Amino acid sequence: MGLNVGNRVAGTWGRSERFCVIGLALVASGLPSAEAAAATPAGAEVRYGEHIRPILSDRCFKCHGPDAATRQAELRLDAFDVVTADRGGYAVVVPGDAESSELWRRINATHADDIMPPPHSAKKPLSDDEKRLVRRWIEAGAEYEPHWAYVTPQRPPLPDVRNADRVRTPIDRFILARLDAHGIDPAPDASAETVIRRLFLDVTGLPPTPDEIDRFLEDDDADAYERWVDRLLTEEPYRSRFAEHWATSWLDAARYGDTSGIHMDNGRQIWLWRDWVLAAFRDNLPYDRFVVEQIAGDLLPDATVEQKIASGFNRNHVTTDEVGAISAEYLVEYAVDRVSTTSSVFLGLTAGCARCHDHKFDPISQEEFYELTAFFNSVDEPGLYSQTADANRAYEPFLEVPTPEQQETLHTLDTRIESLEAEMATVPPEEVEERDAYLRALRTQSGVRWTLPEVVEATSSDERVTLEPQDDGSLLATGPMPDQENYVVRLRTPESALRLVLIEALPTPGAGPGAGRASHGNAVISRLAVETRAAGSDAPWQPITMRWAWSDHNQLDRDFEATNLIRRDDTLGWAADGNQFAGQRLLCLLAEEPFGFEAGTELRLTFEFRSPFFKHSLGRVRLRLGTISEDGLAMLPATLGRWRVAGHFPVANRGAAFATEHGPELLTSIAAPVAFGADGKAFRFDATLVDERVVRLPGGVGSNYVARTIFTPTARLMKVSLGSDDGYRLFVNGVEIAKEEVDRGAAPDQSVATVPLRAGMNSLVMKIVNTGGPSGYYFRVVRDERAPLTPGLVSGLVPPEILGTGQAKELAAVYRRLVSPAYRKAETALAEAQAARADLQKLVPRTMVMKDLQTPRDTYVLIRGQYDHPDTTRPVTANVPAVLGRLADDVPKNRLGLAQWMMTPDNPLVARVAANRMWQLVFGTGLVRTSDDFGFQGEWPSHPELLDWLAVELRERDWDTQHLLRMILTSSVYRQQSRVRGDVAEADPDNRLLAWFPRQRLSAEQIRDQALYASGLLRERLGGPSVKPYQPAGLWREVAMPNSNTRTFQRGDEDELWRRSLYTYWKRASPPPSLQTFDAPTREACVVRRPITNTPLQALVLWNDEQFVEAARMLATRTLDDAPDDDTRLVRMFRRCTGRTPEPAELTLLRAGLAEFRTRYSAAPDDAEGLLAVGVAPRPEDVPPPELAAWTVLASSILSLHESITRD
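Offset between the sequence shown (1-based) and the working numbering: plus 83.
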């Protein structure tokens, strides 16, 4: 190049051009890969990817890497053409000439303005070893190479090795070759007892029994070990145990949980996806199907139920139900989570780092991140889910998956329901006769008799309107329709002792189908006055006070009840609702006292049509008068006015909410405009307040009031069924008649009250007291079977010939529902069948699945990753990062296309990541230590050629994961001793060369499962819903919102207590405490590598947790039954827990410990009883408590041994 840098002076680039590495928050200093690079032997080849890139990525890429937004000095140290370019007489790197390279000068500078990384970056300077590596690389030509993980793996040749006798599988050649390069001999095989225990724990997650160990030790065949490997993978019960053990790590990666995780952390149902994972591992589902069905099972052609269930992988993320949360925001969060999880689990990429900007280290732009997001941005789901009391709810979209038995029962019930509905839809002739006879008897019993009075005069207050008498006794309004008017109708009848006024609002011939003159058929009587005097008299008209009113139809969207016409404080009146429902209407009024005169009676009815709705007069009306007996009055039903609500009335102290009164309690007239409380709250009509359904009310500590008016013809008692959230107080006419101070969620039929009603108008007020969270109530009138009439049967008291077609059908339908013996029998049977079906339906498993919208959502790059800042100038479509190769044109641009692309032979990552994860699960650490990051910040593989060989083997063997696992398990590197070799450990402290087998503590689930298995408590059954074993009381309540449906922990029954740990109910806000103590994650996010800690709490769990104390007791009980003498028992117990026979010195210690414990508990029998009372498992009657307690403590000690909880 001939570039002269000798005349450069400090600071010439200026601050804007420095290799600025400020605030590398994303990278921990001293990254293992950088340290490993620096430790390269002096004679070894220096490679950019293995040695130099880790150093540059750790120290430099934040300001001189792929992210253009934060790049300083227009310099990319990850691009050869940039670092070697002429920058005005110098280059950052001059291949072959370190002294002429600005990079070399800067990393060796001492002045604060020149040195890289700069002092203010908080990054340590390069070590001498790292500097030497950089120099050697530059002088060797500064060759760049593509990042190894982004190059499609090719099968490397098997290397020759010195210790060929140690080669059992091709894997051994790669391990031995690395050991040979460092002059290290392989470790010898571990003992047979150690290897078989290791194998059982790695494959099934459970230890071998002493009998299984003996069978292996006694088998002299050369392939005895290999046959055990095959048996564990393919035979029951081992293959199911294998599935349960290996599925656990997949649940971590998929962030599986039984609760939503945010705000309420409510329960949700998706365990069927877990069952699918179990079946996939048990049946050795090829990995390509395992991936495709989880990412896009719902999009496969003719997708099966199982494939749709598999798609639940991307529904495992946390969701919110926080009132006030923004749905659009969480839709973005869900999509981003899916991108991050999918890229981490399947691709080993930290794609989520490109949400707000281009990736700081990897070649993933922000635009490419949102192209990935587009695959997951069109799920048919809400961003904000509703809150329910059902902890077994499956959040939409979901799938119902009945078991075969449930499916058969549902079919039987559906057939029964269909048959009963067909029976009920047919009206047999005998029922018609029974109905007519019943209605005739009803009219006779009631003493109701109707007369059609003579119309003396009928006028409108608008003289342009004429009310013309018709042949059928009705009056027809003709002429123009004024905005408002009054009708005055005078009637004459020879009858006396009248009590009833019947108004028939009839459709107008030639006009609309409704009873009103308005164009849409509606009419509103705003006020009605009824007056009387003797016929032929000029005496003043006497007003008639009405006690009760009824209509066969009321308009529901407003408070237009018939009873409004008899209230002095009403301003609305009654509406015929003709615009919504065609046909005639019946309106009946009951006078407070009988009226009429012996010589004949005149009535004057004044109809006022003066509502805010203009032109709403009746078009045609007919009037009848009637009598009724006292028995008939008792037969008439109460008429209930519409509900009104007042509130919310908050209180500061939830304990005072029930007793604090705000004024409505004493109310006797609900419609009166009375204001209550400091804020002047008054009752208001709310059409959503209805009977026989739980109604939600404003939440918070305090009270809401609902109220209604009830009119009854006679004094009576009315039974009501109530529900409330939380407590309630019930008042009638200002007097409290029932109350219940409870904490509960509102549900139907929680309480029953008897309401005393006086004749005429009554005011009912219900105070709903809330102690926190949502509020609500439920109200239902309980029908008195002894009372013959309901509101629907009142029309049976009118002459049958005046009923319209619709009214007659409705009366017949009400008769069938309430009276007809055959129909009610069929209805009861139908209700029972429907209830049985509903009960069974509640038990039908549901599971959350993926389902895309018909029309995909638009996806844009989000400025700084914020949901409400889309860059509408940068729309994106679904695609994959260019560094991995874009989607082909013929591939669908949806999740199915993404999944298919992942499994193509050219994909460089998927097979490597899968093989590495399998290696990690067996050896504790992957060939790539950073199994969640194969990018630039990830660690260079310890055995790159082996990783590529395994990846190609997996792919070319039709993605048979058990084939690969068998190859690992039968290798020599797997079977070697775990003793740390001091001669090697100093040079390779992390055992990355695998000069010995890496001893590992068992996982949290294995530790618990081993205790249950060794004790004989373990209940084995593959799959099923989550269970709730022992845990300390109150944990859930401490972290739960007051109305969370997972606030209260309810321990499961005995079988639930002793199932394998992966079935434990996973509340994300409070994961199973004993498992979390042993490093189980919260499952709030994807985890592909669990940390391993060593804390005093772990010992306390093993000693004191109820589960482990009970297991120790049952292990002691089992051991006492195993053999007649102490030594045999001690050996048997020790072998169950450790897999080996105790040494003589160990057996001596065990005998001494047992003797000490016997002495201890013989002297303190109460202590023995207290110990043995832990847990619900039964204890033997024939073993003295001190003896069983002594063996229990000894069992606990052995279960807690380091050797017991470690895989050697």
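Don't be surprised by glycine CBs; every beta carbon is placed ideally from N, CA and C. From a predicted model like this one, the values you see are computed outputs, not experimental measurements.
Under the three-state DSSP convention, the category residue i falls into
i       : result
Arg907  : helix
Phe144  : helix
Met347  : coil
Met1050 : helix
Ser786  : strand
Trp1274 : helix
Gly570  : Per the sequence presented here, residue 570 reads as Tyr, with Gly not at that position. Tyr570: strand per DSSP, three-state reduction.
Ser394  : helix
Val1005 : helix
Beta-bridge partners of residue i, as assigned by DSSP
i       : result
Pro839  : Leu800
Asn845  : Ile793
Pro958  : Tyr943
Asp272  : Gln1059
Asp808  : Gly859
Lys850  : Tyr788, Arg812
Met933  : Met933 is not bridged to any residue.
Phe1017 : BP columns for Phe1017 are empty, so no partner.
Ser543  : Tyr570
Check whether residue i and residue j have beta carbons under 8 Å apart
i       : j       : result
Asp989  : Gly431  : no
Val176  : Ile138  : no
Glu784  : Gly859  : Inspection of the sequence shows that residue 784 is occupied by Val rather than by Glu. Cβ atoms of Val784 and Gly859: not closer than 8 Å.
Arg630  : Leu673  : yes
Arg238  : Val1035 : yes
Arg1040 : Arg1102 : no
Met199  : Arg215  : no
Glu1167 : Arg142  : no
Leu800  : Thr837  : yes
Val422  : Thr456  : yes
Pro991  : Pro236  : yes
Gln983  : Val250  : no
Gln1190 : Arg1104 : no
Arg1311 : Ala560  : Because residue 1311 is not part of the residues shown, which for the chain are 84 to 1291, the question remains open.
Residue environment, residue i, which counts as buried when at least 16 other CB atoms sit within 10 Å
i       : result
Gln890  : buried
Ala1195 : buried
Asn845  : buried
Asn637  : buried
Ala539  : Note on residue identity: the sequence assigns Val, not Ala, to residue 539. Answer is exposed; the Cβ neighbour count stays below 16.
Gly738  : exposed
Ala151  : exposed
Asp1187 : Here residue 1187 is Asn; the residue named in the question, Asp, does not match the sequence. Classification of Asn1187: exposed, given that the 10 Å Cβ count is below 16.
Glu464  : buried
Lys391  : buried
Arg703  : buried
Ser1157 : buried
His194  : exposed
Lys145  : buried
Rounded separation between residue i and residue j - CA only
i       : j       : result
Arg1000 : Ser1014 : 7 Å
Ala916  : Gln833  : 23 Å
Phe680  : Ser786  : 52 Å
Arg365  : Gly782  : 49 Å
Leu805  : Ser700  : 40 Å
Leu1048 : Leu1004 : 10 Å
Gly85   : Tyr370  : With a pLDDT of 33 at Gly85, under the threshold of 50, the predicted position of this residue should be treated as unreliable, though the coordinate-derived value follows. Each residue's Cα considered, the two are about 55 Å apart.
Ile258  : Pro149  : 35 Å
Arg243  : Ile378  : Note on residue identity: the sequence assigns Asp, not Arg, to residue 243. If you take the alpha carbons of Asp243 and Ile378, they lie about 41 Å apart.
Met1124 : Ala205  : 41 Å
Val1184 : Pro1155 : 12 Å
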